[in-house]
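Chains as they are written, first to last, in our numbering: chain A, 1 to 269; chain B, 270 to 539.
Structure (structure tokens):
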């Protein structure tokens with residue numbers, strides 16, 4: 001057996017009526033390091049798209065990332081975040097210097113910041129008898145784990161939000177500047193996984209849609225595994241189970257035995 | 270459920286209409302200046318906050334269509350357009366000293382470039398009814414193009430009685446009839462005065478209003494729909510069931526709260 005991670009879906013889609021360049025969501029994958037991340041920039045914050053991209057890229061690609069199991073100890077995650085904040089300031093400072101707009105200069109002078117929700121996921125496959133995942137999550141972007149342990153029904157677990165009514169307009173987020181007495185802190189989640197399990201990293205619109213479909217026992221739930229960016233507007237226009245008009249990021253991962261690949265259809269009952 | 274097409278966005282923008290009384294009595298002293306100065310400052314600030322709420326990086330997303338109508342000797346549409354156009358075309362940018370957070374829990378004074386779209390003015394009478402008619406034209410045209418969007422919000426800032434109360438009431442009621450598929454237009458009236466007593470905010474019953482003019486404004490103010498109650502509270506207002514969007518004898522702080530509620534919070538911009 002050769003445990004591996006395969007990307008089954010990966011796309012961004014902007015809000016209806018906007019351009020893809022306006023999308024504040026970000027996705028990053030590093031198959032070699034087995035790290036994956038999505039982030040959702042707070043749209044009214046300051047240069048959120050820059051920040052969400054930097055968060056996901058730094059999580060996935062940097063050699064600075066410490067083992068996630070240790071991340072919440074001694075607030076290691078704060079140093080990790082501080083490194084991303086430095087990068088954000090560098091980029092935005094450059095943009096501000098080039099800008100002719102008073103509102104851009106004002107917000108920078110006022111130490112305004114970006115905000116982003118975040119899901120970072122890392123797999124540990126060294127011990128095939130103890131396959132473990134670790135995640136760092138803040139806000140209403142979600143990690144969905146479909147556990148296909150044999151001899152039982154597929155189990156759907158959602159982190160951090162568990163039900164569709166948990167979503168609101170004021171999620172917690174990572175700020176792009178150090179904020180004194182910042183009350184927001186990520187959660188650190190761990191779990192085990194096995195071959196054929198699926199993971200979805202999604203930003204809030206899709207997460208909410210998925211949980212609503214699950215609560216209604218709607219059999220369209222399984223369509224999430226086949227979604228691509230061309231399908232999003234159809235989902236938004238559905239009268240019974242509409243997808244909210246918001247930026248969308250979906251990253252779907254399959255746990256496979258690289259020696260014995262199969263293309264089974266996914267069904268969550 | 271009505272008033273649900275939120276938050277607004279570039280594909281479902283909102284309309285904000287601000288009516289500003291520019292009659293002679295707006296020269297009266299008020300707070301640290303004159304009523305016209307305080308009203309103008311509050312409106313300029315509210316527009317700037319909407320600009321910031323629609324900002325994405327270097328760009329302003331057209332989530333809002335905004336108009337400002339002044340009424341004094343005549344009705345003037347002082348400002349009208351997409352928020353991106355308004356943001357990039359103030360009539361003046363003033364450099365002002367402001368204390369801003371330094372990121373470490375303290376404040377530091379710095380030069381901020383403050384845009385100005387309105388200048389203070391106070392002349393002649395109070396043709397409020399004609400202002401409502403002008404607002405009707407703007408709102409009606411917008412609704413034809415945006416029939417499914419969150420309905421228009423009209424915020425009227427005034428310090429005195431209208432020239433023609435009956436005509437004004439009829440014009441207001443006609444304005445209140447404008448609707449999209451998401452609900453009726455919301456008309457919010459803010460009366461400013463120096464009276465130390467008799468301040469009223471979001472009343473749900475006219476029986477507590479001692480002034481006939483207060484009753485007049487109460488009856489042409491929208492009842493706050495239930496979905497907007499949380500937004501009102503987050504602006505520091507205290508709504509109750511069937512509260513009307515109406516302030517009487519309001520001070521500057523109350524005016525700013527109503528503008529924040531009517532522009533940012535109601536539309537889900539913040």
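Don't be surprised by glycine CBs; every beta carbon is placed ideally from N, CA and C.
Anything in chain B within Cβ reach of residue i, meaning under 8 Å, just list it in chain order.
i             : result
residue 40/A  : The contacting residues do not exist; residue 40/A stays about 14 Å from chain B at best.
residue 169/A : 276, 537
At a CB-CB cut-off below 7 Å, which residues of chain B make contact with residue i?
i             : result
residue 16/A  : 280
residue 106/A : 381, 382
residue 219/A : Simply none; closest approach about 26 Å.
residue 99/A  : 327
Give the DSSP-derived three-state secondary structure of residue i in the structure shown.
i             : result
residue 421/B : coil
residue 179/A : coil
residue 426/B : strand
residue 392/B : coil
residue 112/A : coil
residue 248/A : strand
residue 148/A : coil
residue 139/A : coil
residue 384/B : strand
residue 285/B : strand
residue 514/B : coil
residue 509/B : coil
residue 172/A : coil
residue 225/A : helix
residue 9/A   : strand
residue 105/A : helix
residue 348/B : strand
residue 279/B : coil
residue 320/B : helix
Would you mind reading off the limits of the alpha helix (DSSP H) that contains residue i?
i             : result
residue 442/B : 434 to 445
residue 89/A  : 76 to 98
residue 485/B : 481 to 488
residue 55/A  : 48 to 61
residue 398/B : 397 to 414
residue 193/A : Looking at the DSSP string, residue 193/A is not in any alpha helix (DSSP H), and its letter there is neither H nor E.
residue 206/A : 204 to 215
residue 233/A : 232 to 237
residue 499/B : 498 to 503
Which residues bound the beta strand (DSSP E) around residue i?
i             : result
residue 531/B : Neither: residue 531/B is in no beta strand (DSSP E) and is coded neither H nor E.
residue 301/B : Residue 301/B -> no beta strand (DSSP E), and no H or E assigned at all.
residue 275/A : In the structure as shown, chain A starts at 1 and stops at 269, and residue 275/A therefore has no counterpart that could be examined.
residue 333/B : 333 to 340
residue 356/B : Here residue 356/B belongs to no beta strand (DSSP E); instead the alpha helix (DSSP H) covers 352 to 356.
Name, please, each residue of chain A whose Cβ falls closer than 8 Å to the Cβ of residue i.
i             : result
residue 283/B : None at all; the shortest Cβ gap to chain A is about 13 Å.
residue 505/B : Under the 8 Å cutoff, chain A gives no residues; its nearest Cβ is about 16 Å from residue 505/B.
residue 374/B : 180, 181
Check the DSSP bridge columns for residue i and list the partner residues they point to.
i             : result
residue 453/B : 448/B
residue 23/A  : Answer is none; residue 23/A lacks a bridge partner.
residue 290/B : 340/B
residue 377/B : 369/B
residue 71/A  : In DSSP, residue 71/A forms no bridge with anything.
residue 254/A : 6/A, 198/A
residue 29/A  : 36/A
residue 130/A : In the DSSP output, where bridge partners are listed per residue, residue 130/A has none listed.
residue 120/A : 37/A, 136/A
residue 459/B : 426/B, 516/B
residue 363/B : 383/B
residue 469/B : 517/B
By the criterion of Cβ-Cβ separation under 7 Å, what are the contact partners of residue i in chain A?
i             : result
residue 356/B : 103
residue 325/B : 22, 43
residue 362/B : 102
I want to verify the contact list: residues of chain A whose CB lies under 9 Å from the CB of residue i, in sequence order.
i             : result
residue 330/B : 18, 22, 43
residue 255/B : Absent from the structure is residue 255/B, since the part of chain B shown begins at 270 and ends at 539.
residue 371/B : 111
residue 333/B : Those within 9 Å of residue 333/B in chain A number zero; the least Cβ separation is about 12 Å.
residue 320/B : 103
Are the C-beta of residue i and some C-beta of chain D separated by less than 8 Å?
i            : result
residue 77/A : Absent from the structure: chain D. Protein chains present are A and B.
**Study point:** Proximal residues, the region 68 to 97 of chain A versus chain B, C-beta separation under 8 Å
**Key:** 95
Check your understanding: When you check each C-beta in the region 175 to 204 of chain A against every C-beta of chain B, which residues fall closer than 9 Å?
Key -> 177, 178, 179, 180, 181
Point to revise | Selection of the region 41 to 67 of chain A by Cβ proximity to chain B, strictly under 8 Å | key: 43, 44, 46, 47, 48, 49, 50
Point to revise | Residues from the region 111 to 141 of chain A in contact with chain B, defined by Cβ distance under 9 Å | key: If the cut-off is 9 Å between Cβ atoms, the region 111 to 141 of chain A has 111, 112, 113 near chain B.
Practice item. Mind checking the region 214 to 240 of chain A against chain B and listing, in chain order, the residues whose C-beta falls within less than 8 Å of any C-beta there? Key: Listed by position along the chain: nothing, the set is empty.
Review point. For the region 241 to 262 of chain A, which residues have a CB atom closer than 9 Å to at least one CB atom of chain B, in sequence order?
Key: 245, 246
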